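Read the structure below first, then the notes.
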Amino acid sequence: MCEDFLSSAARWGTLPAIATGLMGTIAFDLFFVPPIFKFTVADLRYLISFAIFMLVGLITGTLSDRLKKQVNYSRQRESSISALYSLSRDIAAVDNLDAVLDCIVSNVSKTLEGQVMLLLPNEKAQLVLRKDSGLKNFLDNSELSVATWVYERGLKAGNGTETLGTAKALYLPLSTEQGTQGVLGIYSNERKEQFDSERIRLLEAFTGLAAMAINRVKLAEQARESLSLVESERLRTALFNSLSHDLRTPLASIIGAVTGLLEDRNVVYSPEVRKELLKTILHGAERMNRFISNLLDMARLESGMLRLNKEWCDLQDIIGVAINRLGDALTRRPLDIDIQEGLPLVQADGILIEQVLINLLDNALKYSEAASKIMIAIRQQGKQLEIVVANRGHSIPEADLSKVFDKFYRLSSPLQVSGTGLGLAICKGLIEAHGGEIWAENNKLGGVTITFTLPKTDQFLGVVPEMNKGEQDGK
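Read left to right, the sequence shown gives residues 1 to 475 (our numbering).
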């Protein structure tokens, strides 16, 4: 009989369990307690048994009903925790505001089986609808006024609450320590039954996570803007310092040379002196030209306006042009050029690769001792061509090897080195635009070796394709 009590309590609750106990007591009295088939009891001790039956039915029914409620409550808690975990996982994986809002709307609407909307303030601190799960023409003036009230006061209101309960939706503030970030609205066709105390607590947990996620994205955007301003200020300072040095120095030499040629007309300069003055003017102009070219190339790289004009190039010819353009500065230094035989042509923008080589050679000249050797090598490595420029001088600290390709980064050197710190940064951008790589390393001679690669294209190797038999006969 106790099994019947438990079964009734587990399936239908406490009252059915009591009814089952009462029916069992009546059946026991009719069929087992003398006189049989009568409701009278000859032995009053059976009344104690009947009372025990009813008490057992009441206790077991109550305990079973309570256990059933606890199981249902545990399942609801598990579902709520799972939903909160899913939301926190999704919003942690994105750092874009629209993506965060999409995650919030989809998770809340899926969990509550209702329509969800997110309202955030615009530049004028007025609430506007940013995301929703399908509500169209729902947010009229009356609903918007309720949402505005919630945003201004930081309190929940609307359907299911005692404040502005005539609203169609329930509105909760997205509050953080920095203030209210927006308003979450939930609409359900089941009206107030949908928003019981447990549901509202779950929604408040959702809004807490959503508010922190929105605030995190906004703070990240502000941090990026601040970092961009700091970086812009640093680059502006570095650029002004470079302008003051790298433009004024060659300008001063040009002005001095021109003044010497023009002012004293009574002085007749020898051909050698005139040639030196003219070379000074030429070198100053070339230095200014390289400086302006570097600035323009960096601006094109950062703006995305760089367009490669690829054609078949011979790297040996490009090296020769780069050496000629550097003029006397390089011809006075011993050169060691090692070019592997049988190298194929490479498909690249010859002018830009020439600029890369000029920058690398100019850098090798600046950071090496006078009269020391400059080495250039080209070799084929698998599906790539490697171009190497090395010097003998001062090595670079290991921590700075990766920084030499940063904009406006200049190494501290005992040599009097001029420049903007843009040359290697431009080389990196141009080589990566070609699909290659560039890196720096210290060599065994005490100097620095800079290597860059260019991908080799197998479609054309600089060799005329072999003709077939019919073409050879008709030749």
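Glycine residues also receive a C-beta, built at the ideal position from the N, C-alpha and C atoms.
This structure is a prediction, so every number in the text was calculated from the model and none was measured.
- Query: Which residue from L357, I351, L335 and Q340 puts its Cα closest to that of S372?
  - Reply: For the residues L357, I351, L335 and Q340, the minimum Cα distance to S372 belongs to L335.
Legend entry - 6 Å Cβ shell around Q416 - same chain, five flanking residues per side excluded: Because the pLDDT at Q416 is just 48, under 50, the model does not fix this residue reliably, and the value given afterwards should be weighed accordingly. The answer is none, since no qualifying residue turns up.
Checklist line | Residues near M54 in its chain [Cβ-Cβ closer than 8 Å; skip 5 each side] | finding: Here the set comprises I18, G21, L22 and T25.
Under a three-way DSSP split, which group does S372 fall into? Three-state result, S372: coil.
Per the contact definition of three or more C-beta pairs closer than 8 Å, is the stretch 82 to 100 in contact with the stretch 56 to 73? When Cβ pairs closer than 8 Å are counted between the two stretches, the stretch 56 to 73 is seen not to touch the stretch 82 to 100, the count staying below three.
If V105 sits next to Y151, beta carbons under 8 Å apart, how far is it from one beta carbon to the other, in whole angstroms?
The beta-carbon separation of V105 and Y151, rounded to 18 Å, does not stay under the 8 Å limit for a contact.
My guess is that V128 and L119 are in contact by the Cβ rule of under 8 Å, so how many angstroms apart are they, rounded? Cβ-Cβ separation between V128 and L119: approximately 7 Å, consistent with a contact (criterion under 8 Å).
Could you compute how far the alpha carbon of V448 sits from the alpha carbon of L454? Going from the Cα of V448 to the Cα of L454 covers about 20 Å.
Taking the straight line between their C-alpha atoms, what separation do you get for T457 and Q181? Across the structure, T457 and Q181 are spaced so that their CA atoms are roughly 55 Å apart.
Give the DSSP-derived three-state secondary structure of D400 in the structure shown. It is helical.
| query | For T20, does the three-state DSSP call read helix, strand or coil? | reply | The answer is helix: DSSP assigns T20 an H, G or I state.
My parser needs the beta strand (DSSP E) runs of 3 or more residues fully inside the stretch 304 to 354; what are they?
Scanning the stretch 304 to 354 for uninterrupted beta strand (DSSP E) segments of 3 residues or longer gives 311 to 313, 335 to 339 and 346 to 348, listed from N- to C-terminal end.
Can you name the start and end residues of the alpha helix (DSSP H) that K110 belongs to? In the DSSP annotation of this structure, the continuous segment of the alpha helix (DSSP H) that includes K110 starts and ends at L97 to L112.
query: Tell me the DSSP bridge mates of Q380?
result: Within the DSSP bridge table, the entry for Q380 names L385 as partners.
Quick one: Cα of C313 to Cα of H394, how far? C-alpha separation (whole angstroms): 33 Å.
**OP:** Go to A425, then tell me how far its alpha helix (DSSP H) extends in each direction, as first and last residue.
**Re:** The continuous alpha helix (DSSP H) containing A425 extends over residues G423 to A433.
Original post:
Along the chain, where does the alpha helix (DSSP H) that runs through A147 open and close?
Top reply: From DSSP, the alpha helix (DSSP H) with A147 extends over N141 to R153.
Per DSSP, T451 forms a beta bridge with which residues? T451 is bridged by DSSP to V388 and W439.
Find the nearest neighbour of T62 within the set P16, D338, L87 and F28, judged by alpha-carbon distance. For the residues P16, D338, L87 and F28, the minimum Cα distance to T62 belongs to P16.
Here's a check: name, in chain order, each residue in its chain whose Cβ is nearer than 8 Å to the Cβ of K384, leaving out the five neighbours to either side. Strictly speaking, residue 384 in this sequence is Gln, with Lys absent from that position. Cβ within range, chain order: G436, T453, L454, P455 and K456.
*Kindly indicate the opening and closing residues of the alpha helix (DSSP H) around L262.*
Start and end: R248 to L262.
Check: To the nearest angstrom, how far is it from the Cα of N391 to the Cα of N289?
Finding: Looking at the two C-alpha atoms, the distance is approximately 24 Å.
| How would you call E143, buried or exposed, if buried means at least 16 neighbouring beta carbons within 10 angstroms? | Per the 10 Å Cβ criterion, buried.
(Q) Contact defined as beta carbons within less than 8 Å: I believe K477 pairs with L101. What is the distance between those atoms, to the nearest angstrom? (A) In the structure as shown, the chain starts at 1 and stops at 475, and residue 477 therefore has no counterpart that could be examined.
CA-CA distance, K310 and Q347?
Distance from the CA of K310 to the CA of Q347, rounded to the nearest whole angstrom, comes to 6 Å.
*In three-state terms, what does DSSP make of L129?*
Under the three-state reduction of DSSP output, L129 falls in the strand class.
By Cβ distance, which residues of its chain are closer than 6 Å to I214, with the 5 residues on each side in sequence left out?
Excluding residues up to 5 positions away in sequence, Q181 lie with their Cβ nearer than 6 Å to the Cβ of I214 in the same chain.
| What span of residues does the beta strand (DSSP E) with L175 cover, start to end? | Position check: residue 175 holds Ser in this sequence, whereas Leu was assumed. Run containing S175: L170 to T176, per the beta strand (DSSP E) assignment.
> First and last residue of the beta strand (DSSP E) that includes G446?
Replying inline: G446 -> no beta strand (DSSP E), and no H or E assigned at all.
Requested in this report: Quick one: using the 10 Å Cβ neighbour count with 16 as the cut-off for buried, is G154 buried or exposed?
Outcome: The Cβ neighbour count for G154, taken over all protein chains shown within 10 Å, is under 16; the residue is labelled exposed.
Going by alpha carbons, who is nearest to F50 out of R66, F32 and D65?
Just measuring C-alpha positions, the residue of R66, F32 and D65 sitting nearest F50 is F32.
Worksheet item: When DSSP labels each residue in this structure, what does I36 get in the three-state scheme?
Response: Of the three classes helix, strand and coil, the one that applies to I36 here is coil, per DSSP.
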